[in-house]
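Note that the protein sequences, when read in sequence, are chains A and B.
Take the first sequence: its position 11, counting from 1, is numbered 10 in numbering that gives the first Met the number 0, and each next residue is one higher.
Take the second sequence: its position 136, counting from 1, is numbered 135 in numbering that gives the first Met the number 0, and each next residue is one higher.
These notes are about the structure you will find just below.
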Amino acid sequence: MATLKIPVSGQDHIQGNAMAACTLVEYGDYECPNCGAAYPLVKDIQKHFGKRLRFVFRNFPMSRMHPSAQAAAEAAEFAATKGKFWEMHDLLYGNQDRLGVELFTELAKTLKLDPAALQKALDAKTFSERVGTDFSGGVRSGVNGTPTFYVNSERYDGSMDYDSMVAAIETALAS
Amino acid sequence: MSQLLSPGTPAPDFSLRVTPDQKLSLQDLRGKPVILAFYPADWSPVCGDQMALYNEILPEFQKHGAELLGISVDGVWCHTAFAKDRNLHFPLLADFEPKGEVARAYGAYFDQGGITERALFVIDKDGIIRWSFLSPLAVNPGADGILEALEALNK
Chain A
0 MATLKIPVSG QDHIQGNAMA ACTLVEYGDY ECPNCGAAYP LVKDIQKHFG KRLRFVFRNF
60 PMSRMHPSAQ AAAEAAEFAA TKGKFWEMHD LLYGNQDRLG VELFTELAKT LKLDPAALQK
120 ALDAKTFSER VGTDFSGGVR SGVNGTPTFY VNSERYDGSM DYDSMVAAIE TALAS
Chain B
0 MSQLLSPGTP APDFSLRVTP DQKLSLQDLR GKPVILAFYP ADWSPVCGDQ MALYNEILPE
60 FQKHGAELLG ISVDGVWCHT AFAKDRNLHF PLLADFEPKG EVARAYGAYF DQGGITERAL
120 FVIDKDGIIR WSFLSPLAVN PGADGILEAL EALNK
């Protein structure tokens, strides 16, 4: 059974109750269609569990397959330094079919971030190391495609549907 | 489930097609660690595809000087089209004729399905199997086990 090798820490993007009994970690790629499909699913799961669940998103861009995935991850990390990671995360998944420089500029404006500063960070690869660290940690933890989920540090190998995932989290909460 | 060759066993040599006019043998790679990844078939769904994943992780394998070889019973033209479509940067071997002969030698052939199992081997620079792992057919095993095995080689 593959387990999460990098514990959740202050370096992570965490949503929900910090003291929650269950943690759901996703390794995801902004350009991956399966991650796009999982995006509303995660929202529903968060809504269902409320304070009992915290959610962590880590970058796992499959760059050779998805040419804009790395830049999208870096754009989200740029937004994170301005306290707007989740807003950017939502907008990237909400506009998954239009990923690219033009969209990143538009989203920066929407979030009242400086588009020129974002462009500069992308050109300079300022956040590529941060994204790479997430990626390597994912490889170590047995990420086997995107998205890969961990429920309380155990890789979730079940099917990616609401009922199955809710059941897995319920089991984790009960143990 | 199949019974894989275990660690400590010399890896059976083979010579298989990698392109329509080129063969690769295990012997050619002596001196480097080799990762042999048997997988059931080309063209499985994109995002969870094991070969596409390894393609992304290739730089981590290369840090250990290791060569990655994918191997299935698909023919060489099928492999060529698949590798091109997925932009794969490592060789895919065709265990095509006699079908599955190499997989059988490694204990990694799934008779009922007529395909190779999802099985991983890490072979050291002297051609000895150091680690093997059989994954359920439906579960992509990821690469954590491979990396741990490669690290253990240097200890």
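Just so you know, even glycine gets a beta-carbon here, dropped at the ideal spot from N, CA and C.
As the structure is a computational prediction, the values presented were derived from the model and not from experiment.
Inset, instruction - Determine the contact status of B:PRO19 and B:VAL75, defining contact as a CB-CB distance below 8 angstroms. - result: yes
Inset, instruction - Enumerate, from N- to C-terminal direction, the unbroken alpha helix (DSSP H) stretches of 4 or more residues contained entirely within the region 75 to 105 of chain B. - result: 75 to 85, 100 to 104
Inset, instruction - Could you name each continuous beta strand (DSSP E) segment of 3 residues or more that falls completely within the region 21 to 49 of chain B, going from the start of the chain to the end? - result: 21 to 24, 33 to 37, all fully within the region 21 to 49 of chain B.
Legend entry - Assumed close pair A:LEU3, A:TYR149 - CB separation to whole angstroms, cut-off 8 angstroms: 5 angstroms
Legend entry - Pick from A:PHE126, A:GLU169, A:VAL165 that is closest to A:PRO60, judged by C-alpha positions: A:PHE126
Inset, instruction - Return yes when the Cβ of B:VAL33 is within less than 8 angstroms of the Cβ of B:LEU3, no when it is not. - result: no
Inset, instruction - Closer than 7 angstroms by beta-carbon distance: list the chain A residues that pair up with B:GLY141, in chain order. - result: ALA1, GLY141, VAL142, ASN143
Inset, instruction - Check the Cβ-Cβ distances between A:VAL138 and every residue of chain B, and say whether any is below 8 angstroms. - result: yes
Inset, instruction - Check the Cβ-Cβ distances between A:ASP43 and every residue of chain B, and say whether any is below 8 angstroms. - result: no
Inset, instruction - Using the Cα positions of A:GLY157 and B:PHE120, report the straight-line distance between them to the nearest angstrom. - result: Roughly 25 angstroms separates the two Cα atoms.
Inset, instruction - Count the other CB atoms, across all protein chains shown, that sit within 10 Å of the CB of B:GLN49; report buried if there are 16 or more and exposed otherwise. - result: Buried, since its Cβ has 16 or more Cβ neighbours within 10 Å.
Inset, instruction - Write down every uninterrupted run of the alpha helix (DSSP H) in the region 51 to 107 of chain A whose length is 4 residues or greater and which is fully enclosed by it, in chain order. - result: 68 to 80, 84 to 93
Inset, instruction - Identify the continuous beta strand (DSSP E) that holds A:CYS31 and give its terminal residues. - result: Segment: none, A:CYS31 is in no beta strand (DSSP E) and carries neither H nor E.
Inset, instruction - Pull up the DSSP beta-bridge partners for A:LEU23, would you. - result: DSSP, once it has assigned bridges, lists A:PHE54, A:VAL150 as partnering A:LEU23.
Inset, instruction - Answer with buried or exposed for A:PRO66, where buried requires no fewer than 16 other C-beta atoms within 10 angstroms of its C-beta. - result: exposed
Legend entry - 8 angstroms Cβ shell around A:VAL130 - same chain, five flanking residues per side excluded: ASN58, PRO60, GLN69, ALA72, GLU73, GLU76
Inset, instruction - Compute the Euclidean distance between the alpha carbons of B:GLY126 and B:GLN26, then round it to the nearest angstrom. - result: 8 angstroms
Inset, instruction - On a CA-only basis, which of A:LEU112, A:CYS21, A:GLU30 is nearest A:PHE54? Give me that one, please. - result: A:CYS21
Inset, instruction - Give a yes or no on whether 8 angstroms exceeds the smallest Cβ distance from A:MET18 to chain B. - result: no
Legend entry - Nearest residue (CA-CA) to A:GLY137, options A:ALA173, A:LYS42, A:ARG154: A:ARG154
Legend entry - A:THR132, DSSP secondary structure in three states: helix
Inset, instruction - List the endpoints of the continuous beta strand (DSSP E) containing B:GLU66. - result: 66 to 71
Inset, instruction - In the DSSP assignment, find the unbroken alpha helix (DSSP H) run with A:SER163 in it and report its ends. - result: 161 to 173
Inset, instruction - Given a cut-off of 8 angstroms, decide if B:ILE56 and B:ALA148 are closer than it, judged by their beta-carbon atoms. - result: Cβ atoms of B:ALA148 and B:ILE56: not closer than 8 angstroms.
Inset, instruction - Out of A:ILE13, A:ALA19, A:ASP43, A:PHE56, state which residue places its alpha-carbon closest to the alpha-carbon of A:LYS133. - result: The sequence given here places Asp at residue 133 of chain A; Lys does not occur at that position. If we check each option's Cα against that of A:ASP133, A:PHE56 comes out closest.
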